[in-house]
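Engineer:
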Amino acid sequence: MLQVHALEKTFPLEHGVVKAVDNLSFSVSPGQVYGLMGPNGAGKTTTLRMILGLLEPDSGEIEVDGFRGGEQTTEIKSRLGFVSAGDGVYPWLTVREMLLYFADLYGVDPPEAAERLKELADLMEITRFLDRRAGGLSTGQRQRVTLVRGLIHDPPVMLLDEPTRGLDVVGSQTIFEYISHLRSVGKAVVVCTHRLDEAERLCDSFGLLHEGRLRFEGSLQELQVQTKRQTLVEMFVDLLKPSEISAAS
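Dropping the structure here:
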């Protein structure tokens, strides 16, 4: 389970500061896919970076699978998987070498890593090119390898940042199936995407961010009641209208 409580982050500007994340709280349960949505600059990437331990929050608390940030940051990192746009492969290594290298980084015992790799390679259909150098793979093959890399240490929480950006229909479908698999095996999943049609299809619940604040949260049906709008596209348009945001807050 992932729990974020009262998270805040500011960045200095030449004349003052900007609050990138403002008192943000949300939680994601096992088997739930949570869409963290918002326009550019809403605070999505900053939030993910704080969860991943790449940025120190000014205040607030992050808890992953019962472990809290601060002194338990290492425990948290080992319980997170992360997949972003792009392939993220090491071209000079074979696929097998690279994936076992990442398993070792996460402290997975070699026998367990080998078994885990076999299961995931079968699941994502990469077995036939495990011993090829990653640099020689097609875009679609690299994508599948990246998805396996995110799961190689069997993390309970998965973070996906714009996972379908730049992909064709076939590549996007691979992502959809991957997310469905994560849900079915009980992972807590956070998805950040600008593809609102995809989000409606994939996510069980949503948090709509604007200027670092969580403006609306709930299932699509709950958001429809809160915003008086039927689609995420309509809700996003309203997020960019300051007068309507103030009235809804």
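Positions 1 to 249 (UniProt numbering) are the ones given, in order, by the sequence shown.
The beta carbon of each residue, even a glycine, is placed where N, CA and C say it ideally should be.
1) Which term fits residue 143, buried or exposed, when burial requires 16 or more other beta carbons within 10 angstroms of its beta carbon?
2) So residue 220 is in the alpha helix (DSSP H); what residue range does that whole segment cover?
3) For residue 198, collect the residues of the same chain with a Cβ closer than 8 Å to its Cβ; drop the 5 residues on either side in sequence, then sort them by chain order.
4) Restricting to Cα atoms, I'd like to know which of 239, 236 and 218 is closest to residue 27.
5) From residue 193 to residue 8, what distance separates their C-alpha atoms?
6) What is the C-beta distance between residue 137 and residue 145, in whole angstroms, given that I count them as a contact (C-beta under 8 Å)?
7) So what does DSSP say about residue 61, is it helix, strand or coil?
8) Skipping 5 residues on each side, what residues in its chain have a beta carbon closer than 8 Å to that of residue 216?
9) Helix, strand or coil for residue 193, going by three-state DSSP, please let me know.
10) Label residue 11 either buried or exposed according to how many other C-beta atoms from any shown protein chain fall within 10 Å of its C-beta, with 16 as the threshold for buried.
11) Going by C-alpha distance, which of 118, 90 and 153 is nearest residue 133?
12) Across which residues does DSSP place residue 34 in a beta bridge pair?
Structural biologist: Judging by the given coordinates:
1) buried
2) 220 to 227
3) 164, 172 and 176
4) 218
5) 21 Å
6) 7 Å
7) strand
8) 206, 207, 208, 223, 226, 227, 235 and 248
9) coil
10) exposed
11) 90
12) 190 and 205
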